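Engineer: Please read through the structure below; I'll follow up with questions.
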């Protein structure tokens, strides 16, 4: 069994991308920028052998979207690479070529938050129903169902 | 042929022998099919418990079928998500007449804990006409058996009345609205 990564090791490998902090005994967070996220993920992959994507979490902070890539490897340390995305015209480079499972998460996040992942080969609907109206993102905090809009299901009144 | 109870004496007058045989067989051995319209699987587990030897509904002739085209009763578990609603409608339309629908659990009735969310419809009744609701989260297997028995009672009543129209609510044309009293009520409403 391999040892957990120390904060110093992560600081040495990913410190150039942004502030590194230890959130839990096995979880280390790196806060970085949108354009540096791909390089940070590649460095974590190659330098820290984080070859496994646990999940991509997104939260709507009200002022911005917070996107976190949770990576781990055989050392069982979770490296959370966190970026903040502005609410107007949210757009992030896709990482589906570095981490293939990220493609599914990116489709879900695009469905529910409307974040565009540049370079994704097929950013189609995956989780909402097919007849969901365009440009309605239900997990955004400021989203409210518009009265009179058809959100899918059965059209006619029985 | 002498009918053995009241309901069938009326049937005998207008049904052929084959129709009477089919009606008898349908009431004695209903075939059910199960449709998960977005449930958390608790209701499905209870239905499995109903079908397996502990409760063993096959001794009553209730048989679970894989295809809706062979089934008389559709058991819908869970809230109807917007994605599943057209599929539920299509499943229902594939069933042969006469067909009956049981909506299972709190979610099947009014959405349960999912009520009002952006991705669910209010009720199974918005998609297909429901005959029997089963309360509970999830309902116990004996309640499911009771619901099927109740559905069979309704089916027998339908046979007596020659269709399901007797159960639909009468369309009451609204009467002329009464003249609102011209007293001080309007002032109160405005304030």
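Protein chains in written order, with the working numbering: chain A, 910 to 1067; chain B, 70 to 260.
A virtual CB, placed ideally from N, CA and C, is assigned to each residue, including glycine.
All of these numbers come straight from a predicted model, not from anything done at the bench.
#1: Which residue marks the beginning of the alpha helix (DSSP H) containing residue 952/A, and which one marks its end?
#2: Taking 8 Å as the threshold, find out whether the segment 175-182 of chain B comes into contact with the segment 126-140 of chain B through three or more Cβ pairs.
#3: Could you tell me which chain B residues have their CB closer than 8 Å to the CB of residue 1054/A, listed as they occur along the chain?
#4: Excluding the five sequence neighbours on either side, which residues of its own chain have a C-beta within less than 6 Å of the C-beta of residue 989/A, listed in chain order?
#5: Around the C-beta of residue 257/B, are 16 or more other C-beta atoms found within 10 angstroms, so that it is buried, or is it exposed?
#6: Determine the contact status of residue 950/A and residue 1004/A, defining contact as a CB-CB distance below 8 Å.
#7: Go ahead and pull the three-state DSSP assignment for residue 104/B.
#8: Who are the neighbours of residue 155/B on chain A, taking C-beta pairs under 8 Å?
#9: Take every Cβ of the segment 151-168 of chain B, pair it with every Cβ of the segment 202-222 of chain B, and state whether three or more of those distances are shorter than 8 Å.
#10: Identify whether residue 976/A lies in helix, strand or coil by the three-state DSSP scheme.
#11: Going by other Cβ atoms of all chains shown within 10 Å of its Cβ, with 16 needed for buried, is residue 986/A buried or exposed?
#12: Please identify, using Cβ separations under 8 Å, the residues of the segment 133-161 of chain B that lie next to chain A, in order along the chain.
#13: Closer than 8 Å, Cβ to Cβ, to anything on chain A: give me those residues from the segment 164-191 of chain B, in chain order.
#14: Considering only DSSP beta bridges, list what residue 991/A is partnered with.
#15: Whole-angstrom Cβ separation of residue 107/B and residue 149/B, contact assumed at under 8 Å?
#16: Leaving aside the five residues before and after residue 1030/A along the sequence, list all residues of the same chain whose C-beta is less than 8 Å from its C-beta, in chain order.
#17: Can you name the residues that DSSP bridges to residue 962/A?
#18: Where do the N-terminal and C-terminal ends of the beta strand (DSSP E) with residue 123/B fall, by residue?
#19: Please report the straight-line C-alpha distance between residue 1023/A and residue 964/A, rounded to a whole angstrom.
#20: Using a cut-off of 7 Å between C-beta atoms, extract the partners of residue 1047/A located in chain B.
#21: Any idea what DSSP makes of residue 184/B, helix, strand or coil?
#22: Taking the beta carbon of residue 952/A as the centre, do at least 16 other beta carbons fall within 10 Å, making it buried, or is it exposed?
#23: Go to residue 933/A, then tell me how far its beta strand (DSSP E) extends in each direction, as first and last residue.
#24: Check the C-beta distance from residue 210/B over to residue 118/B and give it rounded, since I have them as a contact under 8 Å.
#25: Count the other CB atoms within 10 Å of the CB of residue 152/B; is the residue buried (16 or more) or exposed (fewer)?
#26: Taking only runs of the beta strand (DSSP E) that begin and end inside the segment 1005-1034 of chain A, which ones reach a length of at least 3 residues, in chain order?
#27: Just to make sure I have the definition right: I need the residues of chain B whose C-beta is within less than 7 Å of the C-beta of residue 1038/A. Which are they?
Structural biologist: Short version:
#1: Here residue 952/A refers to the residue found at position 43 when the first chain is read from its first residue. 946-956 is the span of the alpha helix (DSSP H), which, as asked, contains residue 952/A.
#2: Flag = no, the segment 175-182 of chain B and the segment 126-140 of chain B do not touch.
#3: For the purposes of this step, residue 1054/A is taken as the residue at position 145 of the first chain. The answer, in chain order, is 187.
#4: As a working note, residue 989/A is residue 80 in the first chain. Correct list, in chain order: 938, 977, 979.
#5: Position 188 of the second chain, counted from the start, is the residue given in the question as residue 257/B. The predicted position of residue 257/B is uncertain, since its pLDDT is 45 and thus under 50; a value taken from the coordinates is nonetheless stated next. Residue 257/B comes out exposed.
#6: Within the first chain, residue 950/A is the residue found at index 41, counting from 1. Within the first chain, residue 1004/A is the residue found at index 95, counting from 1. Yes. Within cutoff.
#7: Indexing the second chain from 1 puts residue 104/B at position 35. Residue state, collapsed to three classes: strand.
#8: The residue given as residue 155/B occupies position 86 in the second chain. The answer, in chain order, is 1062, 1063.
#9: The segment 151-168 of chain B is not in contact with the segment 202-222 of chain B.
#10: Counting from 1 along the first chain, the entry for residue 976/A is found at position 67. In this structure, residue 976/A counts as strand in the three-state DSSP scheme.
#11: Here residue 986/A refers to the residue found at position 77 when the first chain is read from its first residue. Residue 986/A should be labelled buried.
#12: 149, 150, 151, 152, 154, 155, 158
#13: 187, 188, 190
#14: Here residue 991/A corresponds to residue number 82 of the first chain, with the count starting at 1. In DSSP, residue 991/A forms a bridge with 940/A, 977/A.
#15: Counting from 1 along the second chain, the entry for residue 107/B is found at position 38. Counting from 1 along the second chain, the entry for residue 149/B is found at position 80. The C-beta distance from residue 107/B to residue 149/B rounds to 6 Å, short enough to fall under 8 Å.
#16: Start at 1 with the first residue of the first chain, and residue 1030/A comes out as number 121. Taken in chain order, the residues that qualify are 1005, 1012.
#17: Counted from its first residue, the first chain places residue 962/A at position 53. 980/A.
#18: As a first step, residue 123/B must be located in the second chain, where it is residue number 54. Here residue 123/B belongs to no beta strand (DSSP E), and DSSP marks it neither H nor E.
#19: Within the first chain, the letter at position 114 stands for residue 1023/A. Within the first chain, the letter at position 55 stands for residue 964/A. Cα-Cα distance, rounded: 18 Å.
#20: Indexing the first chain from 1 puts residue 1047/A at position 138. What residue 1047/A touches in chain B: 187.
#21: Along the second chain, one-based indexing puts residue 184/B at 115. Here residue 184/B sits in coil by DSSP.
#22: For the purposes of this step, residue 952/A is identified with residue 43 of the first chain, where counting begins at 1. Counting Cβ neighbours within 10 Å, residue 952/A comes out buried, since at least 16 surround it.
#23: Residue numbering aside, residue 933/A sits at position 24 when the first chain is read from its first letter. It spans 929-933 - the beta strand (DSSP E) in which residue 933/A sits, taken as one unbroken run.
#24: Position 141 of the second chain, counted from the start, is the residue given in the question as residue 210/B. Position 49 of the second chain, counted from the start, is the residue given in the question as residue 118/B. That pair is a contact at about 5 Å.
#25: Position 83 of the second chain, counting from 1, holds the residue named residue 152/B. Buried, since its Cβ has 16 or more Cβ neighbours within 10 Å.
#26: Counting only unbroken stretches of 3 or more residues, the beta strand (DSSP E) elements lying wholly within the segment 1005-1034 of chain A are 1025-1027, in sequence order.
#27: Position 129 of the first chain holds residue 1038/A. Near residue 1038/A (Cβ distances below 7 Å), the residues of chain B are 151, 152.
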